[in-house]
Structure formats: structure tokens, C-alpha cells
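In our numbering, the protein residues as written are 1 to 511.
Note that the Cβ used here is the ideal one computed from N, Cα and C, for glycine as well.
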């Protein structure tokens, strides 16, 4: 049976399940080779003809194309036929994230080493919850966590776990903070008894530009979004220490209990880094749990020229870092780090069939004890292979290149007729700007920039994101791709200007 032309995988008379799995038998090895070759060729064929960030279809068109295909078959069908159908419905309608002009979101092109790791991890399918499901993988994850805690210069009692990304890591940071304050301030065990009566007084502080998952976590933790108090930012979009002090004093006067502060190391829009050292001192003096959301900026540990921006992060109680951003790993891949591993006790539950207490006493590592997840993939493999094969020197060069292009882009925008920049000195590698010609009628700039972003996307020439700055619509470049050059950026800016002028002409005709 060949995977490219078989019709049915089994009949009532003959069991051919061996051909469905990769195993040490000849049939399994041959089937694996055929599947990999078919998929590889399909991806290469698509890559060779898909030269734009997006094909240009509208949402309704993509929806209809996907709805028109079958979702299952009774007897099985040719993989080759399926891949061709998938190419027309899914692959051609995907965002081409590796394209140098795809610079909208915090969404990176994946390294080939990460892609190779995904295949290896999928083939062996280790489950990272218990040691007997992932013997070597468990120890390798612990080694990668140790490497990370050393890079962030955390203490000897530090530890961590791999996570699905910033949302899960931020959630765990605030979960540990909540249970820690309840135990130490109220003598209350949340795991056993639920939230204490005083929980409605608990408050979390973060800047007004912090990630939305701070509020989302508060709501999921039973504290409610109202438990999150936002702090003003300075002209560089960093948390204002003066306003923080004022907010904490006001909360305490009202009888509330501020218990955690979330600093952001790389805000989503401006890439701003809160004053980590000052906040570390403040949280220590005021007995606040100090969580640093470095999902974006954590990659600075690999940049000698920008690493100093992380100074103070080593004093954090917990840290979020993502590898599917500036570490160039396939989604999803992140980590959650703590300065004191004993705090994982707030996540620890034992089950006789999975992680019995006796195993822990014998030193057998069941990594489920450190996370809110149970079944998890061996994502540490992606980071390990990439650090070994790519090397930290080339990681530094890639990251620093994107920072340089972002700075050059901001300078070009500053001198570009009809464009208005929002951050002339990007802290990381995001650049915000908008089309704002003198000919734009009063009050129409926001709608005009929305149209520019939409037209740019559906032309397929580039993918830039949109956001709001002081309630005004701006376009955003997030330059993560180290293959993106200043020439690419200039071509996009030319397209932005062209579309903006065309939209103005349409409005004149309508008037």
C-alpha cells in the first residue's frame, strides 16, 4: 500500500493497522518515509508559489472554502489527494509568517531546528506530566530550566516549568501570588478551603499598558477584573513609580490589600520595559509579590548589547518568558520561572495513578507538580536543539538585527512625508506610525488608517497590524523576522502612502 494512492486503510478481512504508525517493523518505517516525503513535497510546492504574506481573500471567502470540504471519511482516502485539497483550502489561505513583509504581530518565523524538534517530539510523543511517560525528557526539561534560571541570574532555590506561553505563565504567577498571600497573611489554604472572606480586598497592580491576561487571570482566579488596579505610564510608556506609590497608598487607606505587582518587560504595542530595578526595590519594601511578564522582552538575555534592560528581573518572584517570539520557536513554547521553587507547593496535587507521594520522596521527578497543565509536549526539545545548532552568537545577531531595522524604520518614518511616527526611539523592535497627510479631513485619520491596513492586507503586499495610541488608530510593525531589511520596510511604507492617497482621492470623488 502506498500512502499516495491507497483508498481504504483496512477491510473486514485484513487488519493493516501496522501501516498507520511509525514502528520498528518494515511496514511502519516505509509508511513513515512515504508520509514525510508527501508532506514535505506539498509544503515545498506551496512555498515556491506563495510569495506574498497573504493571498488577499476576505474572511467570508476563506470561511466558505473551508466549509466546502469534508471533515471526515468512512473508509479512508489517499493522503496525496487530501494534501492537495488542504493546499487549496488551508495552506494557500494561511498567513505566510516567514515572509519578510509579514511584520504585524508578535508572531515569529520558526527556525528549522524548531521544526525538526516538533517532528521528533511528535514521533516519540512523550507526555511531560509523569517521569515514567517521559524519562529522559523530564530531566532534559529540568536542565533547560536550570539554564534559563542561570541566564536570568535567579537564586539557587529557583526553578520553573515549560508552558504554552504568556497567558498560562502569567496565570500561574498570579495564582502563586494569590495563594502565597492567603497563606501568609490570613493563615488560609486556598487549595483546601477555597477563597477566604477577605479575598474581595486583594488587589493586583500593573501598568495601563500591561498585557490583557493580567485582568483575564484575575477573573479566572476568582478575584474579578476589578481586583486589577492600573498604574499610569510615563512618556516612554513605562510604569510610573510615583503613580504606583500613590495607588498603593490609596488602596491601603481604603482597607484594600495590594499583594502583587506585574511589571512588563516588552509591552505589546511599544515594546516598553518597566523600570525593573526600581520596581524590585519597591515590591521588596512593600511585601508585594513581584511578577515580571517578559514574554516579549525575555529574549534580551541573548543580546549583550540590550541585556542591561533586564537589570532587576533577577529579583522577581516569578517570570514569564516566551520562546515563540524572539527565540524563533514554533508555537507554542514558553516558560514560567520562580525564584523560590518551594512556591510550586500551591500547584501540587498527588494522584496514585500519576505522581504518588512516595515517588516524590524517592526523588523521581513528576513535572506535573509544577504546572496547571497535565499532559504536555516536550517543548524543551525545541529550545535545546536551537541553542545547540544555531548557537547563542547567531541568536544575538538575529535579535540585534531586528532592533536595528526597527530603529532605522522609525528614523525613516520621521522624515517621510504624510507619515507620523509614535515612537522615534523604539525600545525593542516595534514601530508605530500612521498616515496623516495634511490633506486628511478633520476626524477622518482613524478610519483612513483602518482602510490602509485592510487594503494592505488584502492586496497581499504586506501585513502590518493596527492598534490605538491615545484613542487614535495607528499602524504597527513588529519586526521579529531577522530576514526583514530596511528595504522591505521602505517598500511597505511606499504602499501605505500610495493606498492612503488613493483613499483620499476616493473620498474627494464621493464628495
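Residue 446 versus 298, 164, 98 and 474, residue with shortest Cα-Cα distance: 474
Kindly indicate which three-state DSSP category residue 59 falls into: helix, strand or coil? helix
Residues sharing a beta bridge with residue 28, DSSP: For residue 28, which the question treats as bridged, DSSP gives no partner whatsoever.
What three-state label does DSSP hand residue 376 in the structure shown? coil
Beta carbon of residue 228, beta carbon of residue 215: below 8 angstroms? yes
CA nearest to the CA of residue 430, picked from 464, 458 and 416: 464
From which residue to which residue does the alpha helix (DSSP H) around residue 214 run? 213-220
Shortest alpha-carbon distance to residue 35 belongs to which of 71, 67, 291 and 83? 83
Using alpha carbons as the reference points, say which of 436, 488 and 23 lies closest to residue 472. Ranking the options by Cα distance to residue 472, first place goes to 436.
For residue 204, the first and last residue of its enclosing beta strand (DSSP E): 202-207
4 or more residues per run - each alpha helix (DSSP H) lying fully within the stretch 235-313: 241-253 and 276-286
With 16 other CB atoms within 10 Å as the buried threshold, where does residue 11 fall? Note that residue 11 scores a pLDDT of 43, beneath 50, so its modelled location is shaky; the value from the coordinates is reported in the next line. So residue 11 counts as exposed.
If you compare alpha carbons, which of 307, 297, 267 and 318 is closest to residue 290? If we check each option's Cα against that of residue 290, 318 comes out closest.
Same chain only: Cβ atoms within 6 angstroms of residue 358, ignoring 5 sequence neighbours per side: none
Please classify residue 402 as buried or exposed, where buried requires at least 16 neighbouring CB atoms within 10 angstroms. buried
Relative to the C-alpha of residue 124, which residue among 137, 322, 197 and 162 is closest? Out of 137, 322, 197 and 162, the CA that lies nearest to the CA of residue 124 is found in 137.
Between residue 58 and the rest of its own chain, which residues show a CB-CB distance below 8 angstroms, the 5 nearest in sequence each way excluded? 458
Which partner residues does residue 467 have in the DSSP bridge list? Paired residue(s): 474.
Report the option in 154, 126 and 155 whose CA atom is closest to the CA atom of residue 141. 126
Are at least three pairs of beta-carbons, each pair with one atom in the stretch 407-420 and one in the stretch 354-371, less than 8 angstroms apart? As far as the Cβ criterion goes, the stretch 407-420 does not touch the stretch 354-371, which means the pair count is below three.
Secondary structure, beta strand (DSSP E): runs of 3+ residues fully inside the stretch 64-113: none
Let me make sure I understand the geometry here. Which of 394, 266 and 364 has the alpha-carbon closest to that of residue 320? Considering only alpha carbons, the answer is 266.
What ranges does the alpha helix (DSSP H) occupy inside the stretch 385-472, keeping only unbroken runs of at least 4 residues that lie completely in it? 392-414 and 445-459
What three-state label does DSSP hand residue 17 in the structure shown? Collapsing the DSSP output to three states places residue 17 in a helix.
Quick one: using the 10 Å Cβ neighbour count with 16 as the cut-off for buried, is residue 7 buried or exposed? Interpretation of residue 7 is limited by its pLDDT of 48, a score under 50 that renders its predicted location unreliable; no figure is taken from the coordinates.
Give me, in chain order, the residues of the same chain whose beta-carbon lies closer than 6 angstroms to that of residue 370; leave out the 5 immediate sequence neighbours on both sides. 161 and 344
DSSP three-state assignment for residue 495, whether helix, strand or coil: helix
In chain order, each alpha helix (DSSP H) run of at least 4 residues that lies wholly inside the stretch 332-359: Taking 4 residues as the shortest admissible run, the stretch 332-359 contains no complete alpha helix (DSSP H) segment at all.
Taking 8 angstroms as the threshold (C-beta atoms), are residue 196 and residue 186 in contact? yes
Using C-beta distances below 6 angstroms, list every residue in its chain close to residue 479, excluding the 5 sequence neighbours before and after it, in chain order. 103, 402, 405, 406 and 429
Let me confirm a value: residue 363 is counted as buried when at least 16 other C-beta atoms fall within 10 Å, else exposed. Which label applies? Per the 10 Å Cβ criterion, exposed.
What is the residue span of the beta strand (DSSP E) that residue 321 lies within? 318-322
Taking its Cβ as the centre, do 16 or more other Cβ atoms sit within 10 Å of residue 155, making it buried, or is it exposed? exposed
Assuming the contact rule is C-beta atoms closer than 8 angstroms, residue 109 and residue 462 should be a hit. Round their C-beta distance to whole Å, please. Not confirmed; about 15 angstroms, so no contact.
Taking the alpha carbon of residue 514 as the point to measure from, which residue in 256, 180, 390 and 338 has its own alpha carbon closest? No answer is possible for residue 514: it lies beyond the span of the chain, which begins at 1 and ends at 511.
Measure the alpha-carbon distance for residue 284 versus residue 88 and round it to whole angstroms. 56 angstroms
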